[in-house]
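K.L.:
Residues in the sequence shown are numbered consecutively from 33, following the working numbering.
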Amino acid sequence: FRMGSPSSSTEFDERPQHEVRLRGFAMSRYEVSVADFRRYVRATGKSAAAVQGRKDNEPVTKVNWLEAVRYAKWLSAQTGRQYRLPTEAEWEYAATAGVTSRFPWGDKIGKNQANCFNCGSQWDAGGPAAVGSFKANLFGLYDMTGNVSEWVQDCANRNYTGAPVDGSAWQNGDCRQRMVRGGAFNSPADSLRLKKRSQYAIDSNLNTIGIRLVRE
33 FRMGSPSSST EFDERPQHEV RLRGFAMSRY EVSVADFRRY VRATGKSAAA VQGRKDNEPV
93 TKVNWLEAVR YAKWLSAQTG RQYRLPTEAE WEYAATAGVT SRFPWGDKIG KNQANCFNCG
153 SQWDAGGPAA VGSFKANLFG LYDMTGNVSE WVQDCANRNY TGAPVDGSAW QNGDCRQRMV
213 RGGAFNSPAD SLRLKKRSQY AIDSNLNTIG IRLVRE
């Protein structure tokens with residue numbers, strides 16, 4: 033697929049657009065929920081603050097990148113299957129689901145398509161909605177844009193110059209920061225664009241960043 037934005041884009045961190053060939057993977061249909069993560073908290077005693085006072089069907093937040101990686105390793109050990117954070121390329125491929133529009137549903141934000149600051153839903157800027165509250169994309173994945181942003185595996189880089197073309201994680205660059213994709217409930221509509229990129233320090237525990245996993 034074609035990753036990133038074309039040379040006409042003024043979003044320089046999304047350039048250059050480049051072709052990526054991915055290996056097969058499975059991606060979780062929903063963001064990791066509070067109920068999912070609560071099992072990890074009970075088993076390990078870690079990150080209890082992420083589930084306190086939260087509804088089971090909401091996406092878990094206040095989990096930093098390091099803890100998200102540990103959660104994936106714990107889940108792998110529990111299930112005998114290999115779970116991990118998606119690479120940035122995998123995330124963008126799954127989010128776009130074959131479309132070329134700005135958003136999964138078209139080029140205009142519309143109303144009630146997602147949960148963001150000005151998306152015209154009942155949750156606007158008020159906090160995360162229950163996972164799966166909006167229509168899935170063409171791959172059957174929910175909340176790829178909006179609700180909460182999601183950690184990916186890759187280190188932070190200022191643009192795509194030198195990025196991997198095989199879908200693997202970019203492990204060079206500023207690895208004290210990691211890429212975050214998807215926009216959140218407090219984000220303006222433009223942050224829900226499928227190509228939009230953000231980055232945060234690996235120890236950031238924010239109520240706007242959650243987790244989605246892939247299974248190899």
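We treat Cβ as the ideally placed atom computed from N, Cα and C, and that holds for glycine.
(1) Note down the Cα distance separating D186 from E122, rounded to an integer number of angstroms.
(2) Quick check: what's the CA-CA separation for K143 versus F171?
(3) Take the Cβ of L226 as the centre, count every other Cβ of all protein chains shown within 10 Å, and call the residue buried at 16 or more, exposed below.
(4) Under the three-state reduction of DSSP, which class applies to Q145: helix, strand or coil?
(5) Let me make sure I understand the geometry here. Which of F149, R70 and K228 has the alpha-carbon closest to that of T42?
(6) Apart from the five residues just before and just after Q203, which ones in its own chain have a Cβ nearer than 7 Å to its Cβ?
(7) Write down the C-beta distance between N150 and A221 rounded to the nearest angstrom, noting that I regard them as a contact closer than 8 Å.
(8) Hey, how far is the Cα of G178 from the Cα of N218?
(9) Buried or exposed: which applies to K94, given that a residue is buried once 16 or more other Cβ atoms fall within 10 Å of its Cβ?
(10) Taking the beta carbon of S39 as the centre, do at least 16 other beta carbons fall within 10 Å, making it buried, or is it exposed?
(11) Inspect the beta-carbon positions of T240 and S181 and report whether they are closer than 8 Å.
(12) Taking the alpha carbon of P160 as the reference point, which residue from D139, D175 and Q49 has its own alpha carbon closest?
(13) To the nearest angstrom, how far is the alpha carbon of F33 from that of R47?
P.N.:
Straight from the coordinates:
(1) On the sequence shown, position 154 is the one that residue 186 refers to. On the sequence shown, position 90 is the one that residue 122 refers to. Those two C-alpha atoms are separated by around 11 Å.
(2) Working through the sequence shown from its first residue, we reach residue 143 at position 111. Working through the sequence shown from its first residue, we reach residue 171 at position 139. Using only the alpha carbons, I get a separation of about 21 Å.
(3) Position 194 of the sequence shown, counting from 1, holds the residue named residue 226. It is buried - the Cβ of L226 has at least 16 other Cβ atoms within 10 Å.
(4) Here residue 145 corresponds to residue number 113 of the sequence shown, with the count starting at 1. DSSP places Q145 in coil when its eight states are reduced to three.
(5) Numbered from 1 along the sequence shown, position 10 holds the residue referred to as residue 42. Taking the Cα of T42 as reference, the smallest distance to any Cα among F149, R70 and K228 is reached at K228.
(6) Taking the first residue of the sequence shown as 1, we reach residue 203 at position 171. Hits under 7 Å: C187.
(7) One-based indexing of the sequence shown puts residue 150 at position 118. One-based indexing of the sequence shown puts residue 221 at position 189. Between A221 and N150 the Cβ distance is about 6 Å, and since that is below 8 Å, they are a contact.
(8) By one-based count along the sequence shown, residue 178 stands at place 146. By one-based count along the sequence shown, residue 218 stands at place 186. G178 and N218: Cα-Cα distance of roughly 9 Å.
(9) Residue 94 sits at position 62 when you count from the first residue of the sequence shown. Here K94 is buried: its Cβ has 16 or more other Cβ atoms, across all protein chains shown, within 10 Å.
(10) Here residue 39 is taken as the residue at index 7 of the sequence shown, counted from 1. With fewer than 16 Cβ atoms within 10 Å of its Cβ, S39 is classed as exposed.
(11) Within the sequence shown, residue 240 is the residue found at index 208, counting from 1. Within the sequence shown, residue 181 is the residue found at index 149, counting from 1. Yes, the Cβ-Cβ distance between T240 and S181 is below 8 Å.
(12) The residue given as residue 160 occupies position 128 in the sequence shown. When only C-alpha atoms are compared, the closest one is D175.
(13) Locating residue 33 in the sequence shown gives position 1, where the first residue counts as 1. Locating residue 47 in the sequence shown gives position 15, where the first residue counts as 1. F33 and R47: Cα-Cα distance of roughly 14 Å.
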